[in-house]
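Engineer: Here it is, the structure in full.
Residue numbers (the UniProt record's numbering): 1 to 178.
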């Protein structure tokens, strides 16, 4: 359950920009419903073409809002008994990779070697483009590998769940969170 007294989250400069665009759209087209997908694309395109001087107004708003948020969070006391996100056990098995991630692990070293100094984001874009151009036949070996990883993972998880139940039954603390 959400805490009504928790301070509202801080907004990014882009979020302030989108809110402004929304207000402009409401004034120009009152009572018209907005196609969220189209509206988001248009806002994104507009944001990308803006100069840093134009963006500075929104960045100032974001800085002010961050200061407000930090100030409010300093005074905020969460209600008793409220629990945060469950911590992940470092000993728990990792989830199996998807076919795309298996593909990425095979092709990432070659992309890095061919393009020294390439950013992580650009590597990801390149891998995404490569994956989307692959035929179903070319994707099949990666999907098969991913299926094997998933099968192995499910077997391990099944064993851990069984262990957990046995430990719980005998009152033994089981330390692997799954």
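Glycine included, C-beta positions come from ideal geometry on N, C-alpha and C.
Contact defined as beta carbons within less than 8 Å: I believe residue 50 pairs with residue 7. What is the distance between those atoms, to the nearest angstrom?
Structural biologist: On the chain shown, position 50 is the one that residue 50 refers to. On the chain shown, position 7 is the one that residue 7 refers to. Between residue 7 and residue 50 the Cβ distance is about 29 Å, and since that is not below 8 Å, they are no contact.
Engineer: Residue 103 and residue 153 - do their beta-carbons sit closer together than 7 Å?
Structural biologist: For the purposes of this step, residue 153 is identified with residue 153 of the chain shown, where counting begins at 1. For the purposes of this step, residue 103 is identified with residue 103 of the chain shown, where counting begins at 1. No, the pair does not count as a contact, with Cβ atoms beyond the cut-off.
Engineer: Please say whether residue 96 and residue 150 have beta carbons closer to each other than 7 Å?
Structural biologist: Within the chain shown, the letter at position 150 stands for residue 150. Within the chain shown, the letter at position 96 stands for residue 96. In contact: residue 150 and residue 96 (Cβ atoms closer than 7 Å).
Engineer: Who are the Cβ neighbours of residue 156 in its own chain at under 8 Å, not counting the five residues just before and after it?
Structural biologist: The residue you call residue 156 lines up with position 156 of the chain shown. So the qualifying residues of the chain are 93.
Engineer: Is it buried or exposed for residue 16, if we count other Cβ within 10 angstroms and need 16 for buried?
Structural biologist: In the chain shown, residue 16 corresponds to position 16, counting from 1. With 16 or more Cβ atoms within 10 Å of its Cβ, residue 16 is classed as buried.
Engineer: Anyone know if the C-beta pair for residue 67 and residue 12 falls short of 7 Å?
Structural biologist: Working through the chain shown from its first residue, we reach residue 67 at position 67. Working through the chain shown from its first residue, we reach residue 12 at position 12. In this structure, residue 12 does not lie closer than 7 Å to residue 67 by Cβ.
Engineer: Can you tell me whether residue 32 is helix, strand or coil according to DSSP?
Structural biologist: For the purposes of this step, residue 32 is taken as residue 32 along the chain shown, with counting starting at 1. DSSP places residue 32 in coil when its eight states are reduced to three.
Engineer: I'd like to know whether the C-beta atoms of residue 131 and residue 101 end up nearer to each other than 7 Å.
Structural biologist: Numbered from 1 along the chain shown, position 131 holds the residue referred to as residue 131. Numbered from 1 along the chain shown, position 101 holds the residue referred to as residue 101. For residue 131 and residue 101, no; Cβs fall outside 7 Å.
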